[in-house]
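Contents: one structure, followed by commentary.
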Amino acid sequence: MIDIYNKFNRFTIGNDVIEEHDSAQVIFETINFGGTHLKDYEVIRSYTLLGYSREKQTELYYKYWQPIISYFNNGNNTEQLHYFIKGYICYKTNQLEFAPKAIQFVQDCEDMNMPKEELLKDITIYFNKFKRIYGQCTDDLSVDSSLRMILG
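The numbers in numbering that gives the first Met the number 0 rise by one with no breaks, and the one at position 87 of the sequence shown is 86.
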């Protein structure tokens, strides 16, 4: 009996006030099991895989996401991955200072009826450009430090 009590004791109940224009599903999708908000790359990754069969999700993940995640220290440096996706959102929205959050970007993609796999292809194109620029060794230390500053 104590075991059952301890398991239920781990649950946290939250009460968020939702405005009329808010989407409860979107809010639910942006909070992970620990109750913390997802990072931008997690929101976009979840969105691009959502709604596909398990097999298709696996295919898309290994085709598009795995190379990106592996590039950033084999997936251990999530902060750089987060900044990479923020950079992508800035690039796509042409809003450098006040780029929308990933959830807003995802909603905009949905509103434009952009196919999820097209979004993945576009992220991959941006990633390949990013790798060519960021991966270059330059003699100009200010360029190198500027590029590294973009990643945080």
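Just so it is clear, CB atoms sit at the ideal spot from N, CA and C, and this is done for glycine as well. All values derive from a computational prediction rather than experimental measurement.
(message) Mapping the DSSP letters down to three states, classify glutamine 24 as helix, strand or coil.
(response) Taking the sequence shown and counting its residues from 1, the one referred to as residue 24 is at position 25. At glutamine 24 the pLDDT is 49, less than 50, meaning the model places this residue with poor confidence; the figure from the coordinates comes in the next sentence. Glutamine 24 falls in the helix class under three-state DSSP.
(request) Check whether the Cβ atoms of lysine 38 and threonine 77 lie closer than 8 angstroms to each other. (result) For the purposes of this step, residue 38 is taken as residue 39 along the sequence shown, with counting starting at 1. For the purposes of this step, residue 77 is taken as residue 78 along the sequence shown, with counting starting at 1. Cβ distance < 8 angstroms, so lysine 38 and threonine 77 count as in contact.
(message) Taking 7 angstroms as the limit between beta carbons, can you name the residues of its chain near glutamine 56, skipping five residues before and five after?
(response) Stepping through the sequence shown from its first residue, residue 56 is reached at position 57. Counting only Cβ-Cβ distances below 7 angstroms, and skipping sequence neighbours, we find Leu48.
(request) Would you please state the rounded distance, in angstroms, between the beta carbons of tyrosine 125 and tyrosine 90? I believe it to be under 8 angstroms. (result) Taking the first residue of the sequence shown as 1, we reach residue 125 at position 126. Taking the first residue of the sequence shown as 1, we reach residue 90 at position 91. Indeed they touch by this definition, with Cβ atoms about 6 angstroms apart.
(message) I need the boundaries of the alpha helix (DSSP H) containing leucine 48, first residue and last residue.
(response) Taking the first residue of the sequence shown as 1, we reach residue 48 at position 49. 39-48 is the span of the alpha helix (DSSP H), which, as asked, contains leucine 48.
(request) Express the C-alpha separation of methionine 113 and tyrosine 70 in angstroms, rounding to a whole number. (result) Residue mapping note: residue 70 aligns to position 71 of the sequence shown, counting from 1. Residue mapping note: residue 113 aligns to position 114 of the sequence shown, counting from 1. Roughly 26 angstroms separates the two Cα atoms.
(message) Under DSSP, the alpha helix (DSSP H) around phenylalanine 71 begins and ends at which residues?
(response) The residue you call residue 71 lines up with position 72 of the sequence shown. Per DSSP, phenylalanine 71 belongs to no alpha helix (DSSP H) and is neither H nor E.
(request) Would you kindly report the start and end of the unbroken alpha helix (DSSP H) that includes glutamine 106? (result) For this step, residue 106 is matched to residue 107 along the sequence shown. From DSSP, the alpha helix (DSSP H) with glutamine 106 extends over 101-110.
(request) Could you work out which residue in Ile67, Lys62, Gly50, Tyr46 is closest to lysine 128 when comparing CA atoms only? (result) The count along the sequence shown starts at 1 and reaches residue 128 at position 129. Looking at the Cα atoms, Ile67 is the closest of the given residues.
(request) Keeping to the same chain, check which residues put their C-beta closer than 7 angstroms to that of tyrosine 60; ignore five residues upstream and five downstream. (result) Here residue 60 corresponds to residue number 61 of the sequence shown, with the count starting at 1. Result list for tyrosine 60: Leu48, in chain order.
(message) Give me the residue from Asn93, Ile132, Met111, Leu80 with the minimum Cα distance to valine 42.
(response) Residue mapping note: residue 42 aligns to position 43 of the sequence shown, counting from 1. Measuring from the Cα of valine 42, the nearest candidate turns out to be Leu80.
(request) Give the C-beta separation of leucine 118 and cysteine 108 to the nearest angstrom, bearing in mind that I take them to be a contact with Cβ-Cβ under 8 angstroms. (result) Position 119 of the sequence shown, counted from the start, is the residue given in the question as residue 118. Position 109 of the sequence shown, counted from the start, is the residue given in the question as residue 108. Leucine 118 to cysteine 108, Cβ: 6 angstroms. Contact.
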